[in-house]
Structure formats: C-alpha cells, structure tokens
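Counting in the working numbering, the sequence shown runs from 1083 upward without gaps. Positions of the beta carbon are idealized from the N, C-alpha and C atoms, including for glycine. On a predicted model such as this, the values are computed, not experimentally measured, just so you know. Written out below as structure tokens is the structure these notes cover.
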Amino acid sequence: MSSTVSPATYSATCSEATGDLTTLGLLQQGARVLVVGDGNFSYSRAYLRANSARIGASEIDVTVTSLDTKSQLMDMYPKSRDILDELHDGGVHVRHGVNATKLESYSFEDNEPIKFDRIVFNFPHYAAEGGIGNKNKRNKIHRHRQLLGDFFASASHVLASDGQIWVTLCAGQGGTRLERKTRAVGDTWQIVHCAADAGLVLQDAHFCPVDALAELGYYSVGYQSREKAFWTEDGISHVFRHEAPGRKACFPIEWTRDMSFWVTDEQMFTEELLHDVVHKHFSPDTMDVSISLLDEYRCEKSGRKSVTYRLDISSSSLALSRDRVNTLAQATLSDIGSSSFGAFRAK
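The following block contains the structure:
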C-alpha cells in the first residue's frame, strides 16, 4: 500500500488566519503556549520580543523547554545564558530536561494537568548516539519519523481541543507538495502520516519566516550537537489540529490499496455491488474512493476467476493513518468474503 499527500489548493488566507512563528496566530487572553526542544532558546526569545506586551501582562502564558539540563545547555550553547536571563525577566517560564515525547508525564503548573493552546517544536531531529560531534552514526530517516510520531502521540494528550501543534522542518524533510526542495516520498520524514497516527490533521503549511525571526534574535544551532548553524532557508512550518467535524486539511493524505478476491458467482457479481461494500466502510461522507480493475486471472484447474481492484482513497477531513486504512480495507475484504459473490484469495 502506498501513500502520497495531494496537492490540494493552498490558500494564502489560510496562512493569514493561522499566523506564523512570530505570532502563532490569534491567541485569546489566557492562552497557553508550550515550546519544546528549543536548543539555545533563541526562538523563545524571538517569540517573547514579538509578544512582550501580552506576555508581560500575563495575557499569554508561555512555557519554554529544552531536552538538555541547564548544565548541558551551558556547555553546548554558552551564549544561551543571556537568553535565559531575558526570558526570565520577560515573564516566560523555563524548564530544562523535558522530553518532548513524554509531555503527558510532566506537571507544568502546580502539579495540575493543563492543556496547551499552542505546542511548538522547531527543527526536531533524532540525535545519534555517541556524543557531541559524533559523525559515525548514520542519519536514519526512520529514526526522525519515529521521533515525530512519538512527539505527536505525546503532544496530542496535552493539546487543547481547539489547539494547534506547530512543527517546522528543514527544506525537503516534511514531504508535502509545498516543498521547493522535493525528494522521493521514501526519502522524506512523512510528517503528515506521522501526525495522522496521533489523530491529527494538517490545517496549514507555510514557509518559515526566517528573516523576521532573525531580526527578533533567533539563530539556529545544533548542527552536530554544537553551537553551529544549519540551513533553515525554505523551511516549512506545519500546523496540526485534532481531527474534528468541519475541520479541513490543507494537504489531504491519499492512499492506494489493492484488494484481491475470488468471484464465486460471476453472474451475480457487478462492480456496483463492490462499490456498495467498499462505501460501507470507506464512507463517501468523509472519504473519496475511486475503484478500478487492476488485474483478473482465471485458474486453469478450478476455472475460478480472481480479480484485483485498486482503491485510491483520500480524505480532507480525517487523520487517515496507515493502520486506519488497513483496518477499513480488511473489514471490506471480510464482507466480500462472506458475500454471495466473493471469497478470500489465499496469499
């Protein structure tokens, strides 16, 4: 089974409503913002500078975190000391040693569970074992996907029902049709698919405002786990929300699924009957499904006819994960197998 992300029409007004990394969109009074994995905290500083009045007046509650402990942070990024002082003075809560894949295990305020309106993770990456500057470990894409998947699964637990998760990736990594630097799907991090596993849909995607952030004091670090910059030009910010009725994805996921079965009654079988069974599970209210005959074969010994149909499935409203599609396809095959016209074909 293969998947792609469709080139749905991208609307500039969608980005205007969502905002960018300097604003995180329209935040109501009392909104809670969580920034995770912020390396040297220079993004957090940029966000503070852009929203200092509201943060200072406690209209927005901002918590920023790093995976590293404070001592580790000072060793890797010595310049971050002044940044931390500015964050504290500006009313931002700073936490160290926070694992972005285990957010539900932390108490961020008076030991009470809270939900965040925005969760931000900029330029996440899997850090190979071996310490600072290690170059011996291969940069495995599946590790990056696993990191994203684990983060989304965790973040979805602490995200408000109407909240947003913002993940910014370097050019070419995300794998959406917005990329200027395109790669084969298998060479991308497949961010939309990772998010779908956690029940999240892509509401918006837009290019990261690198220049605006730089003017506010942001600069990238972390290349080879050092205070060295990495390429951020053409990076894309992806904005996700919980799947919910009425919410539409900017880039719906498309899946291709092939199904094979024996036709036990050729006089009775019609493609209309097949469509009825397929649509029972792949609801046309939330999914678009096209069905086409891919192959047919007749066994010389038994005379039975076998057919293979291809299902092209897409949805602009569902978090259509691989497991979800497989479950629906298996239920469809089960109904075909128990029908009067079809039977399972042994693999």
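Query	Result
Inter-residue CB distance, L1400 and M1369 (contact presumed, cutoff 8 Å)	7 Å
D1024 and T1270 closer than 8 Å at C-beta	The requested residue 1024 does not occur in the structure, where the chain is confined to residues 1083 to 1429.
Enclosing beta strand (DSSP E) for E1336 [first to last residue]	I1335 to V1345
Buried/exposed call for C1332, threshold 16 Cβ in 10 Å	buried
Same chain, Cβ closer than 6 Å to G1107, five either side skipped, listed in chain order	T1100 and G1101
Cβ-Cβ separation, R1114 to D1192 (assumed contact under 8 Å), whole Å	Actually they are not in contact, since the Cβ atoms of D1192 and R1114 sit about 13 Å apart, beyond 8 Å.
Euclidean distance between Cα positions of R1386 and G1254	48 Å
Own chain residues within Cβ distance below 7 Å of A1266, not counting five before or after	none
Three or more C-beta pairs below 8 Å linking the segment 1332 to 1342 and the segment 1270 to 1280	yes
With 16 other Cβ atoms within 10 Å as the buried cut-off, status of R1380	exposed
Paired residues, beta bridge with L1375 - DSSP	Y1391
The segment 1169 to 1184 touching the segment 1143 to 1151, judged by at least three CB pairs closer than 8 Å	yes
Burial state of R1127 (16 or more Cβ within 10 Å)	buried
Residue range of the beta strand (DSSP E) that includes F1198	F1198 to N1204
7 Å CB neighbourhood of F1190 in its chain, flanking five on each side removed	T1145 and I1196
Candidates T1258, S1162, H1361 and A1294: closest to T1104 by CA position	A1294
Pair within 8 Å by beta-carbon distance, M1341 and L1410	no
Ranges of the alpha helix (DSSP H) found wholly within the segment 1097 to 1163, counting only runs of at least 4	1124 to 1132, 1134 to 1138 and 1152 to 1158
CB contact flag (L1241, H1324, <8 Å)	yes
E1348 in three-state terms, based on DSSP	coil
8 Å Cβ shell around R1329 - same chain, five flanking residues per side excluded	V1283, Q1285, R1323 and S1399
Where G1245 sits in the DSSP three-state scheme	strand
Residue from P1291, M1156, G1138 and N1204 whose Cα sits closest to the Cα of V1249	N1204
CA-to-CA distance, E1354 to W1344, given in whole angstroms	16 Å
Through-space distance from S1421 to T1264, alpha-carbon basis	44 Å
Neighbourhood of S1437 by C-beta, 8 Å cutoff - its chain only, sequence neighbours within 5 removed	The structure shown does not extend to residue 1437, since the chain spans only 1083 to 1429, so no value can be given for it.
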